[in-house]
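Have a look at the structure below before the remarks.
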């Protein structure tokens, strides 16, 4: 056996005993390294183990850095309050410069996305966390952190758009998405940047990505209106009409639908309303559902039932309310009504 193969075999044997926690793995590795001090490859084993120890030491420091997050989150919230005051006063440039500085300071704190045990995300609510795990099946455990990265980058990107810095806004949104890859607001605003640059093909592709994580009815409607916009830009007027009408199942009050239908009539003429079969063919052809994404519906349905089985009525109502919102049927509404209200909900009604 060659020396490289021997070394690989020894290191695989050593690393098979790792737990994933650097606090326990570091002394274990030091002990194992000592066991091979008289081996013919002792020097090579020492070098390989030392590299692993350095990496673990770095990870252990990062874990400690992620222990102060509640205080960091509190400061961020205070800073955002000040930013909002500048925005209300119309001082967008001042707000933008201040927020840029806060974000740069935050980046210097080296808050980690990942360590030996966890993946860290700033999910805005429980459904996002479940959706990320279900859709991505990460090998490591997922842990929510309180630092409002998503909201800070969202506000920062909005300010950059107002200041006509579209490319910088897109970069900011990507940073926000790195901390919350299933946040609809971040994804839809990222999508909008392509519309601003008249890149309708990329706008359409990113709209489909946003569609897959939309779990509120108004967000589903927004995606459908985006798709209709793409159809209009490509002179697919009948498909656009059908998609706009479909969006009203999820947002009846949007004034944009009436405006867009009027525009289509002006440029394309009057079309008969597409049938349900027409829309099924259209959605299959272009890769979207005639409603919320089925994976999202499955999560809402299944987790409502899991919680109900555990008699966790608050969580069951949380998921059932989402289901009732994105599946506007009598059956979904009745399911939500069938779950006992929590004391908190009863008290809110009495106020």
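Residue numbers (the working numbering): 1446 to 1796.
The beta carbon of each residue, even a glycine, is placed where N, CA and C say it ideally should be.
Residue i (DSSP reduced to helix, strand or coil)
i	result
residue 1544	helix
residue 1712	helix
residue 1665	helix
residue 1657	coil
residue 1481	coil
residue 1606	helix
residue 1592	coil
residue 1772	coil
residue 1559	strand
residue 1741	helix
residue 1618	helix
residue 1568	coil
residue 1677	helix
residue 1686	helix
residue 1587	strand
residue 1753	helix
residue 1508	Legend: pLDDT at residue 1508 = 46, less than 50; position of this residue unreliable, no value from coordinates given.
residue 1699	coil
residue 1486	coil
residue 1735	coil
residue 1472	helix
residue 1717	coil
residue 1531	helix
residue 1629	helix
residue 1524	helix
residue 1642	coil
residue 1671	helix
residue 1597	helix
Residue i versus the options, residue with shortest Cα-Cα distance
i	options	result
residue 1573	1657, 1611, 1645 and 1723	1657
residue 1558	1487, 1601, 1678 and 1620	1620
residue 1749	1723, 1596, 1777 and 1717	1777
residue 1799	1528, 1611, 1618 and 1628	As shown, the chain starts at 1446 and ends at 1796. That puts residue 1799 outside it, with no answer to give.
residue 1450	1486, 1721 and 1726	1486
residue 1454	1464, 1493, 1472 and 1475	1493
residue 1571	1786, 1745 and 1754	1745
residue 1599	1618, 1590 and 1582	1618
residue 1579	1708, 1488, 1742 and 1474	1742
residue 1701	1481, 1452 and 1673	1673
residue 1799	1556, 1536, 1641 and 1537	The requested residue 1799 does not occur in the structure, where the chain is confined to residues 1446 to 1796.
Nearest-angstrom Cα separation, counted from residue j out to residue i
i	j	result
residue 1615	residue 1601	10 Å
residue 1650	residue 1478	51 Å
residue 1456	residue 1495	12 Å
residue 1645	residue 1675	6 Å
residue 1463	residue 1659	39 Å
residue 1683	residue 1711	13 Å
residue 1545	residue 1727	43 Å
residue 1665	residue 1490	56 Å
residue 1733	residue 1786	35 Å
residue 1517	residue 1460	35 Å
residue 1747	residue 1471	41 Å
residue 1775	residue 1782	10 Å
residue 1582	residue 1566	14 Å
residue 1788	residue 1663	28 Å
residue 1756	residue 1622	34 Å
residue 1540	residue 1547	11 Å
residue 1716	residue 1704	15 Å
residue 1497	residue 1483	20 Å
residue 1759	residue 1765	10 Å
residue 1538	residue 1696	34 Å
residue 1534	residue 1613	23 Å
Sequence-distant residues of its chain with Cβ nearer than 6 Å to residue i (five each side left out)
i	result
residue 1677	1685
residue 1679	none
residue 1761	1749, 1752, 1753 and 1784
residue 1779	none
residue 1640	1648
residue 1590	1514, 1565 and 1567
Check: residue i C-beta below 7 Å from any heavy atom of the ligand NAD
i	result
residue 1524	Absence of the ligand NAD from the depicted structure is noted, as is the absence of any ligand whatsoever, leaving it without description.
Own chain partners of residue i with C-beta closer than 8 Å, once the 5 adjacent residues on each side are dropped
i	result
residue 1661	1629, 1767, 1770 and 1771
residue 1543	1524, 1527, 1528 and 1531
residue 1563	1585, 1586, 1587 and 1588
residue 1714	1682
residue 1693	1666, 1699 and 1702
residue 1458	none
residue 1719	1683, 1684, 1686, 1687, 1690 and 1727
Same chain, Cβ closer than 7 Å to residue i, five either side skipped, listed in chain order
i	result
residue 1569	1595, 1625 and 1628
residue 1655	1629, 1632, 1633, 1636 and 1668
residue 1653	1732 and 1733
residue 1706	1686 and 1689
(Q) If contact is defined by three or more beta carbon pairs under 8 Å, each pair taking one atom from either stretch, is the segment 1765-1780 in contact with the segment 1737-1749? (A) yes
Q.
Does the segment 1587-1607 come into contact with the segment 1633-1653, if we say contact requires no fewer than three beta-carbon pairs (one atom in each stretch) closer than 8 Å?
A. yes
Q) Do the segment 1575-1591 and the segment 1537-1551 meet, that is, are 3 or more Cβ pairs less than 8 Å apart? A) Verdict: no, contact absent.
Q. Counting Cβ pairs closer than 8 Å, one from the segment 1688-1700 and one from the segment 1661-1669, do we hit at least three?
A. Counting Cβ pairs under 8 Å, three or more are found: they touch.
Q) Taking contact to mean at least 3 C-beta pairs separated by less than 8 Å, is the segment 1520-1539 in contact with the segment 1583-1603? A) At 8 Å Cβ cutoff, the stretches touch.
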